[in-house]
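Participant: Sharing a structure here in structure tokens format.
Numbering (mature numbering (1 follows the signal peptide of the UniProt record, and there is no 0)), first residue to last: -27 to -1, 1 to 538.
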């Protein structure tokens, strides 16, 4: 999102010129209006909150596309992995589909989400993989006996898998109908690999193969080890590197212009089918040059198109490289924040909010723009957060009020399979029955409240964050936006402890009427006064003041932050 750094630079230039001539620093309650814009990001997608589903494991909305007998001697249906004490995980298809998501569009929307990220819709092989070592309950980095239920083993990057679409619901039908419910669609895309492609006992159809938009075979690994491929002399090998990358997956040759065209054109195709944004799988396994080309071509036709990548790395300096304009300007999932959130919210009573402050990177950070990062505490590729109900509630109160775009994994609203890893229940089937009962769950109820506050509060979506206190069980900070389209200040007060916390906020306080968004309570603050509030245990207040920023100390603090961002 290269344009946002420019937007900040423009705002900052205006800030220095106008602030030097028309503002001055006096007491924290001095009324002084600004004449320059304040915004963390102008990226349109920053307004969204994302609900993430592994489509096959969400809801079976159309049993006719289950294909329960598919695979013959290598069946694909359910395929349970037996664990201790009757526990199970599954590596086969479970029936979830696009119709299942669509049937629950209102459920997702009413929770406060505005977009749904789904695992890839690409066509995957019709058999369980018969190579590699067999996967077992709780195991990892082995693909033997698994299917492509998750969508990441594409054989045709242009074709939807038969388990996901229905006779009367194509991918384009789905995205159009989701928009009617007020929900955008985030498509999951891949560039570094296709299917598992070697070590098979016998070469099964689909594995190691790639087909084009017309159904023609354009590449085939032929069950050969990467070092045995002959890309220079065998046209079917030219799509692949002749060295391995991840487990037994084919390693696509991003340096081959035909591969680049095949992949990037497939991304453009899915945009034509209704994709509103992309999540990029394993982005760090493909060089920056590829993503720069992909980004340039996508945004030439679709300006402001938002993309965020998965670089599974907890070092901010490493993942931030993807966000730079020279590398394609792709946002990333905020792994440093994820690690800190798990540490804080799995044990909220023993932890300290201060541990979260350092990963915000509001100043001196490596990211092109920290306000565009997608924030999360778990997903399908790691253990689900092992939190109590209050831990989930506190995590959501934090994630829906701080900088960034929140992403919540399906089932988290009911604490589904908490603490479990991929092959130990993380991706188990959620199902309609659980969703029908979810509205009575305390996590879901609290999430619905704070997510809808964010949906209706522009300062929480794109406002500059100014911290007041992050210490112990208490956190207080402002989110500020002051543009021609929106003028709003939000004061967030968080309490993750088991006792009420009383806040007296005079730092950067502005006179005027403040309205607490969850309760409707109002408070009129006079010049020189503080805002006083008592926040219940495991709860949040969001106090909002409408109008231009009128506090010179706050303006100068924002000026300093933007100068050091």
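C-beta atoms are modelled at their ideal positions from N, C-alpha and C, and glycine is treated no differently.
Shortest alpha-carbon distance to residue 174 belongs to which of 161, 106 and 232?
Facilitator: Along the chain shown, one-based indexing puts residue 174 at 201. Per the Cα distances, 106.
Participant: Which word fits residue 58, buried or exposed, when buried means at least 16 other C-beta atoms lie within 10 angstroms of its C-beta?
Facilitator: Indexing the chain shown from 1 puts residue 58 at position 85. By the 10 Å Cβ count, residue 58 comes out exposed.
Participant: Is the CB-CB distance between residue 221 and residue 169 below 8 angstroms?
Facilitator: The residue labelled residue 221 in the question sits at position 248 within the chain shown. The residue labelled residue 169 in the question sits at position 196 within the chain shown. Cβ distance < 8 angstroms, so residue 221 and residue 169 count as in contact.
Participant: Thinking C-beta only, is residue 28 closer than 8 angstroms to residue 71?
Facilitator: In the chain shown, the residue the question calls residue 71 occupies position 98. In the chain shown, the residue the question calls residue 28 occupies position 55. A contact, by the Cβ cut-off of 8 angstroms.
Participant: Roughly how many angstroms separate the alpha carbons of residue 389 and residue 125, rounded to a whole number?
Facilitator: As a first step, residue 389 must be located in the chain shown, where it is residue number 416. As a first step, residue 125 must be located in the chain shown, where it is residue number 152. Residue 389 and residue 125: Cα-Cα distance of roughly 23 angstroms.
Participant: When you compare the CB positions of residue 380 and residue 421, do they come within less than 8 angstroms of one another, or not?
Facilitator: If you number the chain shown from 1, residue 380 lands on position 407. If you number the chain shown from 1, residue 421 lands on position 448. No, they are not a contact pair.
Participant: Find the nearest neighbour of residue 85 within the set 448, 408, 365 and 427, judged by alpha-carbon distance.
Facilitator: Walking along the chain shown from the start, residue 85 turns up at place 112. When each option's Cα is compared against that of residue 85, the closest is 427.
Participant: Which whole runs of the alpha helix (DSSP H) in the stretch 102 to 177 are 4 residues long or more, in chain order?
Facilitator: Listed in chain order, they are 144 to 153.
Participant: Kindly give me the distance between the Cβ atoms of residue 204 and residue 226, rounded to whole angstroms, as I take these residues to be in contact under 8 angstroms.
Facilitator: By one-based count along the chain shown, residue 204 stands at place 231. By one-based count along the chain shown, residue 226 stands at place 253. Yes, they are in contact, since the Cβ atoms of residue 204 and residue 226 sit about 7 angstroms apart, within 8 angstroms.
Participant: At a cut of 8 angstroms, does the stretch 354 to 362 reach the stretch 390 to 400 through at least three beta carbon pairs?
Facilitator: Touching, yes, given that three or more Cβ pairs across the two stretches are closer than 8 angstroms.
Participant: Going by beta carbon distance, what residues of the same chain come within less than 7 angstroms of residue 367, once the five residues before and after it are set aside?
Facilitator: As a working note, residue 367 is residue 394 in the chain shown. Cβ within range, chain order: 318, 321, 469 and 511.
Participant: Can you list, in chain order, the residues of its chain with a C-beta nearer than 6 angstroms to that of residue 14? Leave out the 5 residues immediately preceding and following it.
Facilitator: In the chain shown, residue 14 corresponds to position 41, counting from 1. Excluding sequence neighbours, residue 14 sits near -24, 342, 344, 345 and 435.
Participant: Under 8 angstroms, with one C-beta from each stretch per pair, do the stretch 209 to 216 and the stretch 144 to 164 reach the 3-pair mark?
Facilitator: Segments in contact, no.
Participant: Identify which residue in 304, 186 and 438 has its Cα closest to the Cα of residue 530.
Facilitator: The sequence position of residue 530 within the chain shown is 557, counting from 1. Closest option to residue 530, Cα to Cα, is 438.
Participant: Under the rule that 16 or more other beta-carbon atoms within 10 Å means buried, what is residue -6, buried or exposed?
Facilitator: Taking the chain shown and counting its residues from 1, the one referred to as residue -6 is at position 22. Reliability of the predicted coordinates at residue -6 is poor, the pLDDT of 27 falling under 50, and the value obtained from them is presented with this limitation in mind. It counts as exposed.
Participant: Going by DSSP in three states, residue 29 sits in which element: helix, strand or coil?
Facilitator: Numbered from 1 along the chain shown, position 56 holds the residue referred to as residue 29. It is helical.
Participant: In terms of residues, what are the limits of the beta strand (DSSP E) holding residue 50?
Facilitator: Translated into the one-based positions of the chain shown, residue 50 becomes position 77. Where residue 50 is concerned, there is no enclosing beta strand (DSSP E), given that its DSSP letter is neither H nor E.
Participant: Of the choices 33, 16, 17 and 20, whose alpha-carbon is the least far from that of residue 406?
Facilitator: If you number the chain shown from 1, residue 406 lands on position 433. Looking at the Cα atoms, 33 is the closest of the given residues.
Participant: Could you compute how far the alpha carbon of residue 148 sits from the alpha carbon of residue 196?
Facilitator: The count along the chain shown starts at 1 and reaches residue 148 at position 175. The count along the chain shown starts at 1 and reaches residue 196 at position 223. Their Cα atoms are separated by approximately 36 angstroms.
Participant: Whole angstroms are fine: how far does the CA of residue 51 sit from the CA of residue 64?
Facilitator: Counted from its first residue, the chain shown places residue 64 at position 91. Counted from its first residue, the chain shown places residue 51 at position 78. So the two alpha carbons sit approximately 6 angstroms from each other.
Participant: Which residues does DSSP pair with residue 461 in a beta bridge?
Facilitator: Residue numbering aside, residue 461 sits at position 488 when the chain shown is read from its first letter. According to DSSP, which records beta bridges pairwise, residue 461 is partnered with 454 and 519.
Participant: Which ranges does the alpha helix (DSSP H) cover as unbroken runs of at least 4 residues, wholly within the stretch 392 to 423, from first to last along the chain?
Facilitator: 405 to 410, all fully within the stretch 392 to 423.
Participant: Compute the Euclidean distance between the alpha carbons of residue 413 and residue 223, then round it to the nearest angstrom.
Facilitator: Position 440 of the chain shown, counting from 1, holds the residue named residue 413. Position 250 of the chain shown, counting from 1, holds the residue named residue 223. Between residue 413 and residue 223, the C-alpha separation is close to 45 angstroms.
Participant: Do you know how far the Cα of residue 22 is from the Cα of residue 79?
Facilitator: Taking the first residue of the chain shown as position 1, residue 79 is located at position 106. Taking the first residue of the chain shown as position 1, residue 22 is located at position 49. Going from the Cα of residue 79 to the Cα of residue 22 covers about 15 angstroms.
Participant: Cα-Cα, which of 82, 523, 386 and 473 is closest to residue 411?
Facilitator: As a first step, residue 411 is located in the chain shown; it is residue number 438 there, counting from the start. Out of 82, 523, 386 and 473, 386 has the C-alpha closest to the C-alpha of residue 411.
Participant: Could you check the C-alpha separation between residue 41 and residue 289 for me, to the nearest Å?
Facilitator: Sequence index remark: in the chain shown, residue 41 carries index 68 (1-based). Sequence index remark: in the chain shown, residue 289 carries index 316 (1-based). Approximately 44 angstroms, taken between the alpha carbons.
Participant: When we look at the beta-carbon of residue 114 and count the other beta-carbons within 10 Å, is it buried (16 or more) or exposed?
Facilitator: In the chain shown, the residue the question calls residue 114 occupies position 141. With fewer than 16 other Cβ atoms within 10 Å, it is exposed.
Participant: Ordered along the chain, which non-local residues of its own chain (more than five positions away) have a Cβ less than 8 angstroms from that of residue 534?
Facilitator: Working through the chain shown from its first residue, we reach residue 534 at position 561. These residues qualify, in order along the chain: 335, 336, 437 and 439.
Participant: If you draw a straight line from the alpha carbon of residue 9 to that of residue 455, how long is it in whole angstroms?
Facilitator: Residue 9 sits at position 36 when you count from the first residue of the chain shown. Residue 455 sits at position 482 when you count from the first residue of the chain shown. Their backbone Cα atoms lie some 8 angstroms apart in a straight line.
Participant: Let me see if you follow: with CB-CB separation under 8 angstroms, is residue 503 close to chain C or not?
Facilitator: Protein chain content of the structure displayed is limited to a single chain, and chain C is not contained in it.
Participant: Considering only residues of the same chain and omitting the five flanking positions on each side of residue 485, which have a CB-CB separation below 6 angstroms?
Facilitator: Translated into positions along the chain shown, residue 485 becomes position 512. So the qualifying residues of the chain are 518.
Participant: Is it the case that the CB of residue 497 approaches a heavy atom of the ligand MN more closely than 7 angstroms?
Facilitator: No copy of the ligand MN occurs in the structure displayed, which carries no ligand at all.
Participant: Give me, in chain order, the residues of the same chain whose beta-carbon lies closer than 6 angstroms to that of residue 520; leave out the 5 immediate sequence neighbours on both sides.
Facilitator: In the chain shown, the residue the question calls residue 520 occupies position 547. Within the same chain, residue 520 has close Cβ partners 460.
Participant: Using the Cα positions of residue 145 and residue 130, report the straight-line distance between them to the nearest angstrom.
Facilitator: Against the chain shown, residue 145 aligns to sequence position 172. Against the chain shown, residue 130 aligns to sequence position 157. In a straight line, the C-alpha of residue 145 is about 15 angstroms away from that of residue 130.
Participant: Could you pull the start and end residues of the beta strand (DSSP E) that residue 231 belongs to?
Facilitator: As a position in the chain shown, residue 231 is number 258, starting the count at 1. Residue 231 -> not in any beta strand (DSSP E); alpha helix (DSSP H) instead, spanning 230 to 245.
Participant: Would you tell me roughly how many angstroms separate the C-alpha atoms of residue 47 and residue 472, rounded to the nearest one?
Facilitator: Your numbering for residue 47 matches position 74 in the chain shown. Your numbering for residue 472 matches position 499 in the chain shown. If you take the alpha carbons of residue 47 and residue 472, they lie about 56 angstroms apart.
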